[in-house]
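Undergrad: In our numbering, the protein residues as written are 261 to 410.
By construction, the Cβ of each residue, glycine as well, lies at the ideal position given by its N, Cα and C atoms.
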Amino acid sequence: MLSSARLPGCPDGFTKFEGACFKAYHHTVTYGQARQFCAGKGGLLAMPKDRRTDDFLWNLKNAADSGSFFWFGLSDENSEGRWMWEDGTVHNVYADWGNWQEGQPNNQDGNEDCAHCNSPAKPGWNDLSCGYTAKFICQTTGVSDDIIGN
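1) According to DSSP, is V353 part of a helix, a strand, or is it coil?
2) Going by DSSP, which residues form a beta bridge with W331?
3) If you follow the alpha helix (DSSP H) that D315 is part of, which residue opens it and which one closes it?
4) Compute the Euclidean distance between the alpha carbons of N367 and A280, then round it to the nearest angstrom.
5) Taking the beta carbon of W343 as the centre, do at least 16 other beta carbons fall within 10 Å, making it buried, or is it exposed?
6) Helix, strand or coil for F274, going by three-state DSSP, please let me know.
7) Where does A306 sit, in a helix, a strand or coil, going by DSSP?
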């Protein structure tokens, strides 16, 4: 079971996992709005760059709302087919680890530039129009113990 209790090094409401802090948000917004919201919290949209982090984020998502889509920090908005994580690193769809659903990303209708975690009925990542509204997960590096006075 996931705990949302304050943990050393994480802001209130965030859950610590492997050196980062994560929080799922329940309101639905566009990808750009989610990006801005996370930045306002001192973080980025979550980046599941490996299987362990992806599994953790799926559990966090499903604990919040198992039936909804959730944005995470991966898009090819700047250059079609060149997927970039929110921290500016490249995600090579063909060489890097990923959890894309079969046949994804497919840029259906020529305007699917943002990645999201799909529903349990179709687990895995999918590309979607960035203007669609979905819930989202933020990631931050947290606060050091020295700053919070521990």
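TA: Concretely, from the data shown:
1) coil
2) H376, F396
3) 311-325
4) 30 Å
5) buried
6) coil
7) coil
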